[in-house]
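Engineer:
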Amino acid sequence: MSSIPTKIKTEYELTRDFFQRLAENRADDLKPILQIQESRSVGDGSSIRLRISDGTYSSGTVLLKGEGARKYKLNKMENSQSIIKVLEFFSKTTLKDNTKRIKLTINDFELLVEDCSVIGNPVRYPGIPEKHLTLRNDNVEQRPLKESVSQALPKEVSRVVRKVANEPSENDPSIVPILSINPYLMQWKIQGVVTDRNVPWVTRSPSGACKIFNFYLTDKEGTEIKVSCFEDMVDKLDGLIKVSSSYTIQGNNKALKPANKRYNKTGHGYEIIVRNDVEVIKCGNSLPLPAMKINRVKLSEIKTAPEKIIDVVAVVDNMEEPADRNTKFGTKKVMNVSLIDDSATVVNLAVWEDRFNEFTSDLLHKPVILKSVEVKKHFGAGELLYVSKSRIIKTDDQGVIQEVSDWYARERSNIRIGNLPPFTDFNKNVTLHTAIVSTLNDKTYGYFNIVGKITDIEKNLVYEACPQEGCAKKVTVQNGQYYCPKCKTTSDNFKYMLLVAVEISDHSGSKWMKMFDKVAEEFFKKTASEVGSILETHGRFQGRSMVISNLIGTIHNFGVKYKLELYKEREVTRWSVANVKPVNLAKYAEYLRESCSMPYTSTKINKKEYELTRGFFQLLVENNVDRLKPIVQIMNSHPTKDGSIIRLRLSDGTFFYGDVLLEDDGVGKFKSYGMEKSQSVIKLLGFCSNIANNDNAKKVHLYIFDFELIDKDSPIIGTPIPHTGIPVAYTVFRNEKRGRKPMKKSNSQFPLKEATKVVKNVNKKSPDMDVPIVPIVAISPQLKQWQITGVVTYKSEIQYYETLRGSGEAFDFSITDKEGTEIKITCFDDMVHKYNKLVELYSTYIIKGNYKALRVAKRISNTSGHEYEIVIKNDVDVIKCGNSVPLPPQRINRVSLSKIDMFLGEYIDVIAVVHNMEESVKVNDENRVFNKMKVSLIDESGSLVTLTIWGDSCNVFTEESLHKPLILKSLRVTESGGIFNLTFGSRSKIIPPEDVGIFKEISDWYVKEHCNIQISNISSSPMTINKNATIHSVIVTCLNNNNIKEGYFNTICRISNFKMKLVYEACPQEGCREKVVAQDGQYHCSKCNITSNKFKYVLMVIFQIYDHSGSQWLTVYDNVAERLLKRRTSEILSIINAHGELEGCNIFFSNLINTLHDFKVRFKVVSYKGRAVAKCCCVDVKPVNLTKYTDYLKEWCKCAEGLCSKYGI
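Each residue of the sequence shown is one higher than the one before, starting from 1 at the first, in the UniProt record's numbering.
#1: With a cut-off of 8 Å on the beta carbons, I'd call residue 948 and residue 932 a contact; round off their distance for me.
#2: According to the Cβ coordinates, are residue 825 and residue 881 closer than 8 Å?
#3: Taking its Cβ as the centre, do 16 or more other Cβ atoms sit within 10 Å of residue 866, making it buried, or is it exposed?
#4: Assign residue 875 to buried or exposed, taking buried as 16 or more other Cβ atoms, counted over all protein chains shown, within 10 Å of its Cβ.
#5: Would residue 529 and residue 455 qualify as a contact pair, given that the criterion is a beta-carbon distance under 8 Å?
#6: Can you give me the Cβ contacts of residue 374 inside the same chain, cut-off strictly under 6 Å, excluding the 5 residues immediately before and after it?
#7: Quick one: what's got a C-beta closer than 7 Å to residue 802's C-beta in the same chain, skipping five residues either side?
#8: According to DSSP, which residues form a beta bridge with residue 472?
#9: To the nearest angstrom, how far is the alpha carbon of residue 714 from that of residue 652?
#10: Under 8 Å between the Cβ atoms of residue 992 and residue 913?
#11: Candidates 584, 194, 917 and 830: which alpha carbon is nearest residue 961's?
#12: Three or more C-beta pairs closer than 8 Å, one from the stretch 810-818 and one from the stretch 849-860: is that the case here?
#13: Are the Cβ atoms of residue 177 and residue 221 separated by less than 8 Å?
#14: Mapping DSSP to helix, strand and coil, what is residue 701?
#15: Determine the burial state of residue 760: buried for a count of at least 16 other Cβ atoms within 10 Å of its Cβ, exposed for fewer.
#16: Terminal residues of the continuous alpha helix (DSSP H) containing residue 1147?
#17: Are the stretch 61-73 and the stretch 105-115 touching, with three or more C-beta to C-beta distances below 8 Å?
#18: Once DSSP output is grouped into helix, strand and coil, what is the label at residue 538?
#19: What ranges does the beta strand (DSSP E) occupy inside the stretch 917-1001, keeping only unbroken runs of at least 3 residues that lie completely in it?
#20: Could you have a look at residue 72 and say whether DSSP puts it in helix, strand or coil?
#21: Does the beta carbon of residue 1122 come closer than 8 Å to any beta carbon on chain D?
#22: I need the straight-line Cα distance from residue 517 to residue 531, nearest angstrom please.
#23: Would you decide whether residue 202 is buried or exposed? Buried here means 16 or more other CB atoms lie within 10 Å of its CB.
#24: Residue 689 to residue 620, Cα distance in whole Å?
#25: Taking residue 452 as the reference, which of 467, 472 and 430 has the closest Cα?
#26: Between which two residues does the alpha helix (DSSP H) containing residue 1248 stretch?
#27: Using only the alpha-carbon positions, how far apart do residue 838 and residue 831 sit?
#28: Please name the residue in 990, 980 and 967 whose C-alpha comes closest to that of residue 1001.
#29: Where does the unbroken alpha helix (DSSP H) through residue 408 begin, and where does it stop?
#30: Whose C-beta lies closer than 8 Å to the C-beta of residue 332 among residues of the same chain, with five residues either side of it excluded?
#31: Should residue 751 go down as buried or exposed, given a rule of 16 or more other Cβ atoms within 10 Å for buried?
#32: Helix or strand or just coil, what does DSSP make of residue 351?
#33: Less than 8 Å between C-beta atoms, sequence neighbours within five positions excluded: which residues of the same chain meet that for residue 1191?
#34: Can you tell me which of 712, 655, 669 and 670 puts its alpha carbon nearest to the alpha carbon of residue 680?
#35: Once DSSP output is grouped into helix, strand and coil, what is the label at residue 1053?
#36: What residue does the beta strand (DSSP E) around residue 481 start on, and which one ends it?
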């Protein structure tokens, strides 16, 4: 055992464990100090991809953008390993292949050190919090490299692969740390000491024999990498590679491959394959052994790292005499060594016979450092294995060794020692549904009990295995011989091994699991050879029936083990039966009584009378689906490339949702039932949801892994509308009563007989073309080809537009199918002339197209309610039907007037009474004269809302409408002066009352109650905080409360940062602040759609405020910005023109940094790219009233003291 230095000097303090805290959502208030290891420009250079280290972990999924990218280029950081303080960042969480990954975006930073050697010994971080929980208590100190990235001082070089005249000097910048090796480095050179190597051996496979030799190179930072040689390279390097000798290896990215974690215990993400283009050079001067990195895990925490290689610092409490242990390789001698550390936990260390000599009696009651021991289970309990790479480390650093030794001497006789709790938990039965959810949402390894019934057994019961004792590897047949790839032997015979896949079911679902060897023998009450003989004698089919006939339908108590494993670069959950026991009827009866006492959804469903679980997706995003087994309908499906996952669009009858993935057993059922082209109704037996957070926003993804098929193919049920996955906008639908009947007919929407084709000449084309007609509600990009039919219910005039790319013309129309589902269709330029005359209002059409013709609907201009809209292109066919059909029913998605604040900027339907009408007036707007009328609406919620009508629509509202109920379709929700209003636009219309049954109810209510009720306006401030609030409390409240969409709050904060831009060029029109785009000396405003030869400056300040709870960026405009800067806009422009923008901004901002102000802030929760985002704008700024602020701080401290006292802090 050699003495290896471990003392590390700390010079720079990075924010250690930052990536771990980020993955656990505990990094919101941090301004971390990190080091850039690598960087490269992306695309046009506007963003930079980084690999960043926090001293413990490194991550390559980091993007530098905006102000950060500008500073990066300004400081010329391209080839530097800089240390930065991150000022502004956000992260995005994704779930892929059951793996949680974190993507970090940095918008701004402060440069601390321009260039520095790598600090610490960071390891790659994959973004899974559970993977690194055991490293949180590491006591490894940080250090930068003293020199540059050069690893040694070589002077003489020995020839290895080819002659090298001169080895690089000590300052050679081409040598990189081993930690930096990855496929992004096209060329690399590393240097280090060989710390281990093995003897060359020959492996045999069906493709032939192959000679292999591995060694391990460690640099001065203690980072290790595996190097493998094959065939000719073995002969060249075997005699050259010596343990403790120094080497330089130079190669390229082609020599790297991902490390096989099963055989590679270095912790590096890659390993090197020595090829002809890789140089291995032995250094003439030997280097000292590199510092050994100890990632200590306490014994009480090893259960969090099953199957992992860890480091342990503990005292040898007891050593037993060697004893026999049965293994799959036969009986072997093992020594059990009891270890104890300062967590007062005893764990057994198993040492095999070839390593006995390392554990002598002089280690008893002494502390040791054990490097690279493996965590295993033995009879359900945690155990450590002393494997081939394990070693005992001797060190001159007495720090942690002395601490453990002193603790043992002081406390050993007094403490209450506890054995590590077992990995297993067979004490309580669980349902299959609960177990499945647990495996997906919790740990990667565990046990549970299930009482279930055997419902099916796969046809293969045995397989042909290697005849060697202790080997269970499946053999391959070659020329009548049986080859074992594990033992690398060929034999004339084989042995049978049991491997049985069984389907186990209970009332909550079913799951396929595997039984191996001894467990399967106990289950069948037959050995593997006996089962094999039966199959040989009676044939596979009859023999299988004889073995399993008495087992189908029987109930057993199954002890089940689940384990998360890496398979083809994906993490998959393996289920296996650990033991099978007869059912304890008394306990099972108690379990059933307990289950029956819980609320649950009945599983007995009459196929003809089933109903979808209305509002399920709203409950899902509100996290209120515990114990729910919803019934939903598949609208369409699309498998991934490898077919292992199927993407679904599901409907609950009220909403449809597309962020749904079908995985695991659900995929097998889906394919076996042939559901690929069906609109099936299913009951979800096993599912879980994942909330993706980004910029304080939430969106839910649904994962389904088991279901029950109720109806293989059914017409679309109900008239569902799209759900974005954000709960705030859909609360109004929770109590809506809607019809639940399915369509009476199949996908054909109308009785069409004749069709006239435009664009192509088609004679008597049948509507039943090669693509079936689908409901409009099912249209989505997942349908590669589609065909819809319906009536044109709206058509616009031809409109002319002008953009930076030129001018053109367009018109749009809407088509509605017989279920009342509407979709917007737009024609541009050439398509306008082809279709404008063909498309007629209230005529029937068939439209055939593909997914390329769809685009996401713009809510601000699309009133159809559909998630997508169609753009007519050359590959889209429009067919006019000869027979007209009745207009489809009008779908009314009523919104109560008390809830219109949830739909700001969107179109809604309203049923209300005209409470008051003002006279129409003439108004001037852009040299045109319009009629304008205001109408007061009221409904049974007691809310009064103003409806504004423009133009000729004023004629629709006559005196006959006063005090009468109206059904108003497609009204736009607006806000002015803190009050919500409605606007009657070009697409708005009044629906005849006989179409909706609720019309009479609201009419009767108004006659009886309107004189007695207390009328209230709808304010745009559902939350107004008069007292001072912290930033954290406001952000959490407005994003987590579904009823809050916007509001105001006061906060006393300091200013921490500014964006270095004060003014922008805006549209010169009065009242317009839209930013203009310069084009050929002209300035175009996209809002007013005008081009002018001038512009005006608008003052806009973006700054960051902070308090003790967090920070927030605010935007302030015009007069309020002038009060903040204490300058008029004209003065600001003069100073910027005189000193330049950057220096001018510094003049204004230098005196404002860290100053205290009383801010009044307006926030608004908006939907941005399908996510809820809080935007904040400063509407007032005042000096701080110190008396009130002191009272506020005293009150806050008193509250904090009360909480501390309550919880014993």
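Just so you know, even glycine gets a beta-carbon here, dropped at the ideal spot from N, CA and C.
Structural biologist: The short version:
#1: Yes, residue 948 and residue 932 are in contact; Cβ-Cβ is about 7 Å, under 8 Å.
#2: no
#3: buried
#4: exposed
#5: no
#6: For residue 374, where only same-chain residues beyond five positions count, the Cβ hits under 6 Å are 309, 385 and 387.
#7: 1089
#8: According to DSSP, which records beta bridges pairwise, residue 472 is partnered with nothing at all.
#9: Distance between the alpha carbons of residue 714 and residue 652: 13 Å.
#10: Pairing residue 992 with residue 913 gives a Cβ-Cβ distance that is not under 8 Å.
#11: 917
#12: With the cut-off at 8 Å, the stretch 810-818 and the stretch 849-860 do not touch.
#13: yes
#14: strand
#15: Because residue 760 carries a pLDDT of 34, less than 50, the predicted location of this residue cannot be relied on, and no value is offered for it.
#16: Looking at the DSSP string, the run of the alpha helix (DSSP H) that includes residue 1147 is 1141-1149.
#17: yes
#18: helix
#19: 921-925, 928-938, 943-950, 965-976 and 979-991
#20: helix
#21: Protein chain content of the structure displayed is limited to a single chain, and chain D is not contained in it.
#22: Computed Cα separation, rounded: 12 Å.
#23: exposed
#24: In this structure, the alpha-carbon of residue 689 lies about 8 Å from that of residue 620.
#25: 430
#26: Nothing about residue 1248 can be reported from this structure: the residues present for the chain run from 1 to 1209 only.
#27: 11 Å
#28: 967
#29: 399-411
#30: 324, 325, 352 and 353
#31: Note on residue 751: pLDDT 36, under 50, position unreliable in the model; no value is reported.
#32: strand
#33: Within its own chain, no residue has a Cβ closer than 8 Å to the Cβ of residue 1191 once the five positions on either side in sequence are excluded.
#34: 712
#35: strand
#36: 481-484
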